[in-house]
Amino acid sequence: MTSELQERIQWYHAEYLDTPAGQKHLAIVEAEIEEVQRVFIEIRRKYQAGEDITEDVLRHLLPHSDTQHNREHGYRVSTWPCITKDIRTWFENTGWKEPDEWPATARMIFEAIDGILRGDEKPWRAFLESPYRRGFGTGFLSPILFCLDDQRFVVINSKVVKTYKYCTAQLGQPDDIDASLDNYLENAAKVRALQAKLASMGLRTIPEFDIFCHFMVSKRLGGGNLTRASEPDDAAWLFVANPTIFKWDQAFAENGVEWTQSLGSYAQKLLRRKIKAGDRVFGYQTGPEYEIRCELKVASAPYQTDEGTWAVKLKPVRVFEASISLATLRAHPVLSNLKFLQQTQMSITGITQAQLNALQTLLAAPEPETLPAVHSPVEAVCKALKRAQYDTSHPDRFEESLAEAFSLLGFETEHQGSPGKADIVVVGQLGAESYTAIVEAKTSSQDSNVGLAQVSYESMRDHREENAADYALLIAPAFSGGKLVDRAIRNHVSMITTRDLIALLKLHEQFPFSLSELQTLFEAKGPAADALRRLERVHTQHTEYLGLANDVLQVFDNLQRQQTNSQPIPGVAVHLILFQKAQTQSLALPELEQINQILTLLANPAIGVLKEQGSGYILILPPDAARRRVQALADHIAEGEA
C-alpha cells in the first residue's frame, strides 16, 4: 500500500521542500558538499606529502554542530552534526581515546574514506577492526562519504533508519537497517535502492530523500510520529479559545467564525491534513471559565489565508445548557485522557469516539454523579514507575514508564528496547546546544539490588556510540555498591534510582526545570546524588523567586495606599522593605539585583503591571488583577503551540 506514502511525499514537497525554507535547506546541503570536497582534497595533498593531518580531520572534516563555540574555533559546521564541542575532550572524558591516539585515529579515518572512494575496502575494514574506531558511528563518517560522492553513498542516522523502515513497510516489503558502522556499506546500498524506487513518487535524488527523512522525523516540521503506535481515528475536534482573543459567544452572535488563530505546527498540520467539512467541533473556553461550552461544525474544507497559514470556517450548532468544567474533565476516567489536558499548549486536539461518547453522556445528564478522582499525568507515571520497577517478568513496562517520565520532563524520547538496542533514547532539544542520552533501565525484586552481573557497560557504550549520545544514564530501584559504581565512574555513566526520578518529577510538576538545568543529571559519573541536590537547590531558588515577586506586588500596593498622590517607588526602597522583613522573620535575604529583575519583568509592556516613571515604578493594577494578567499571559503563551 503506497497511497499513504505518496500523500506524505506530497506533503513534504508542499509543506517544506518547495518552500523557501526547504530550498534553503537544499542549498545548504549542496554548499556543504562543495566544502567537504575542498577540505578532503587538501587533506589528501597533506597526507601524500607526509604532513600531519590530525587537526584537519578533527576540525575540518568531521561534522560539528552550528554553535558559537564551534564557529569561533573554526570547526566545520554540518547539516548532519555529531559533535557539539571539542571531540578530543568528549572522547577522552568518555574513555574512548588517550591523547596520544589522535594522530593515528585521524590517519586511519582518512585512509578508510579515501580507500572506499577508490574502490578499495581494505583500509575501511582495517579501521573497523582497529581500537581507534571506538566511539565513531555512521553519524560521524557517513555525512563525509555522502558529500564526497552523493551518487554512491548516503547519510545514515536515526532519522534515515526510521524513515527507511516506514517506507519499506508502506511498499509492502518491510525491511530494517541500523546505524552500525560495521553494516554501513550494505545499508547504504539498501537506501540507494529504496530512493530509486521512490524517485517516481517525487524523491528524485539522494539529497531530496535525505531531507525527506528529516521532514518525516522532525516534530517541528509536522512529522515525528514514525515510531509511535497507531492511534484511533478522531471522531470530533476540540478547539480552545482564549477569552482575551476570542469568546465563543461571538461565533453565535455572528453566525460563525473564520478560525485563524491556531498557528502552531501541530494545529496547522491538523487543519491541512485531517479536519474536513462537516466535522463536529466542541468549543473550550480558557480562564476564567475553563469549560467546554458549545458545539460547532466545520462549515467547509480548511483553506490557506493570504499569509500562507491554514484556517477554517466554523458554523455554530448549540450552546450547552450546562457547560462541562475543567474539573469534570480531569476527574473523568475517559475524558481525562484528552490530549490538551496533558499538553496544554494545544489549541486544536482530536476527540476519539470513546471520548465523544463520554461527552454526549455528560451533556445528556448535566448532573453526573461524582466521578472517581484521576491523578495528574505526573502522579500516574509515578505510580506506574513504582509498580513497574519490581516487575522483573516484564521489564518493558518499566522502560515504557521511564520513557513517559522523561517526556514529562520535556525531553523528546524514543523507547527502543529491542535486543541490541538502547532501552530509551532521550534528546534535550536546545537548538545547537542539544544533547542526547541513552537510558538503561533495570528492574529487580523488592528485596534485592541491581548488581554488576545485571549491567553490561560494554553494551551501553555501544548504544551510546550508535546513537551518537553525549551521555549514558542507568536507572534501577536500588544499586549495590563496589564494582558496579567503580565501573560506572570509569565508563562515565550516571546512576539514579527510581525514587530519585519520582522526586524529580514531583519537583518539576511544581515548577518545571529547563532542559539546561536537567543536563546536570546526565553529567554525573556514578551515583548522581550531587546533581540531584543541585536540582533541588535550583527548584528552591525558582519558588523563592516567585514568592519574592508576590511580595514586591504587595509592597507597591501597601505603599501606594498610603500616598495622597502617586509617587514612583524606586527599587532600592522596595529592597529595603523586603530586606527588613526577611531579617525580622529569619527568611532568606533578597538581593537588590533580584528586586530589579522582578521590577523590569513586571514593567515589561507584555505584562504591564508596573509603569516605569523617572527613577522608580508605579503599580497600575491591584495585586489580584495583576496576578490575573500574568495568568492570562501564561494561558495565551500556552495556546501558541511551540
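Here the sequence shown is numbered in the numbering used here, starting from 6 and rising by one per residue.
Using N, Cα and C, we set each Cβ at its ideal position, and we do this for glycine too.
Here the structure is a predicted model, which means the values were calculated and not measured.
Tell me which residues share the same chain as residue i and place their Cβ nearer than 7 Å to its Cβ, disregarding the 5 neighbours each side in the sequence.
{"i": "residue 280", "result": "242, 303, 307, 317"}
{"i": "residue 382", "result": "347, 413"}
{"i": "residue 111", "result": "58, 59, 62, 63"}
{"i": "residue 420", "result": "404, 405, 408, 429"}
{"i": "residue 450", "result": "395, 397"}
Measure how close the beta-carbons of residue i and residue j come, nearest whole angstrom, since I'm counting them as under 8 Å.
{"i": "residue 583", "j": "residue 537", "result": "Contact flag wrong, Cβ pair sits at about 30 Å."}
{"i": "residue 530", "j": "residue 468", "result": "So it is not a contact: roughly 17 Å between Cβ atoms."}
{"i": "residue 404", "j": "residue 429", "result": "6 Å"}
{"i": "residue 587", "j": "residue 575", "result": "Not really, about 19 Å apart at Cβ, beyond 8 Å."}
{"i": "residue 44", "j": "residue 114", "result": "The pair is not a contact, with the Cβ atoms about 13 Å apart (cut-off 8 Å)."}
{"i": "residue 88", "j": "residue 69", "result": "5 Å"}
{"i": "residue 65", "j": "residue 76", "result": "Not quite, the Cβ-Cβ distance comes to about 13 Å (not below 8 Å), so this is no contact."}
{"i": "residue 250", "j": "residue 296", "result": "At roughly 17 Å, the Cβ-Cβ gap does not stay under 8 Å, so residue 250 and residue 296 are not in contact."}
{"i": "residue 558", "j": "residue 631", "result": "6 Å"}
{"i": "residue 609", "j": "residue 163", "result": "Residue 609 to residue 163, Cβ: 40 Å. No contact."}
Sorted by chain position, which residues of the same chain lie with C-beta nearer than 8 Å to residue i's C-beta, five sequence neighbours on each side aside?
{"i": "residue 635", "result": "612, 614"}
{"i": "residue 2", "result": "Because the chain is modelled from 6 through 647, residue 2 falls outside the range shown and cannot be assessed."}
{"i": "residue 24", "result": "none"}
{"i": "residue 515", "result": "544, 548"}
{"i": "residue 299", "result": "253, 256, 257, 287, 288, 321, 322, 323, 324, 325"}
{"i": "residue 553", "result": "583, 595, 599, 600, 603"}
{"i": "residue 14", "result": "203, 206, 207, 208, 217"}
{"i": "residue 562", "result": "624, 627, 628"}
{"i": "residue 577", "result": "597"}
{"i": "residue 188", "result": "182"}
Determine the contact status of residue i and residue j, defining contact as a CB-CB distance below 9 Å.
{"i": "residue 517", "j": "residue 355", "result": "no"}
{"i": "residue 85", "j": "residue 185", "result": "no"}
{"i": "residue 140", "j": "residue 161", "result": "no"}
{"i": "residue 544", "j": "residue 523", "result": "no"}
{"i": "residue 74", "j": "residue 51", "result": "no"}
{"i": "residue 38", "j": "residue 151", "result": "yes"}
{"i": "residue 501", "j": "residue 533", "result": "yes"}
{"i": "residue 283", "j": "residue 244", "result": "no"}
{"i": "residue 314", "j": "residue 394", "result": "no"}
{"i": "residue 34", "j": "residue 215", "result": "yes"}
{"i": "residue 190", "j": "residue 126", "result": "yes"}
{"i": "residue 389", "j": "residue 402", "result": "yes"}
{"i": "residue 290", "j": "residue 352", "result": "no"}
{"i": "residue 470", "j": "residue 100", "result": "no"}
{"i": "residue 400", "j": "residue 446", "result": "yes"}
{"i": "residue 434", "j": "residue 520", "result": "yes"}
{"i": "residue 109", "j": "residue 131", "result": "no"}
{"i": "residue 278", "j": "residue 361", "result": "no"}
{"i": "residue 527", "j": "residue 462", "result": "no"}
{"i": "residue 220", "j": "residue 22", "result": "yes"}
{"i": "residue 539", "j": "residue 525", "result": "yes"}
Can you name the residues that DSSP bridges to residue i?
{"i": "residue 288", "result": "244, 299"}
{"i": "residue 701", "result": "The question about residue 701 has no answer, for the chain in this structure spans 6 to 647."}
{"i": "residue 69", "result": "82, 88"}
{"i": "residue 418", "result": "431"}
{"i": "residue 61", "result": "Partner(s): none; residue 61 has no beta bridge."}
{"i": "residue 383", "result": "Paired residue(s): none; residue 383 is not in a bridge."}
{"i": "residue 262", "result": "319"}
{"i": "residue 239", "result": "357"}
Enumerate in chain order the residues of its own chain whose CB-to-CB distance from residue i is below 6 Å, with the five nearest sequence positions on each side excluded.
{"i": "residue 607", "result": "614, 615"}
{"i": "residue 493", "result": "500, 531"}
{"i": "residue 477", "result": "443, 465, 469, 498"}
{"i": "residue 170", "result": "181"}
Looking at chain D, is there any beta carbon in it that lies within less than 9 Å of the beta carbon of residue i?
{"i": "residue 203", "result": "You won't find chain D in this structure, because it holds only one protein chain."}
> Which residue spans inside the stretch 302-362 form an unbroken beta strand (DSSP E) run of at least 3?
Replying inline: With a minimum length of 3 residues, the continuous beta strand (DSSP E) runs that stay inside the stretch 302-362 are 315-330, 353-357.
>> What ranges does the alpha helix (DSSP H) occupy inside the stretch 537-623, keeping only unbroken runs of at least 4 residues that lie completely in it?
In response: Contiguous alpha helix (DSSP H) elements confined to the stretch 537-623 occur at 576-590, 597-608, taking only those with 4 or more residues.
> Counting only runs that start and end within the stretch 427-492, where is the alpha helix (DSSP H) found for 4 or more residues in a row?
Replying inline: Counting only runs of 4 or more, we get 462-471.
> Which ranges would you report for the beta strand (DSSP E) in the stretch 151-186 if only whole runs of at least 3 residues count?
Replying inline: Listed in chain order, nothing qualifies, since the stretch 151-186 has no complete beta strand (DSSP E) run of 3 or more residues.
> What are the start and end residues of each continuous alpha helix (DSSP H) run of 4 or more residues lying completely inside the stretch 111-136, in chain order?
Replying inline: Along the length of the stretch 111-136, whole alpha helix (DSSP H) runs at least 4 residues long occupy 127-134, reported in chain order.
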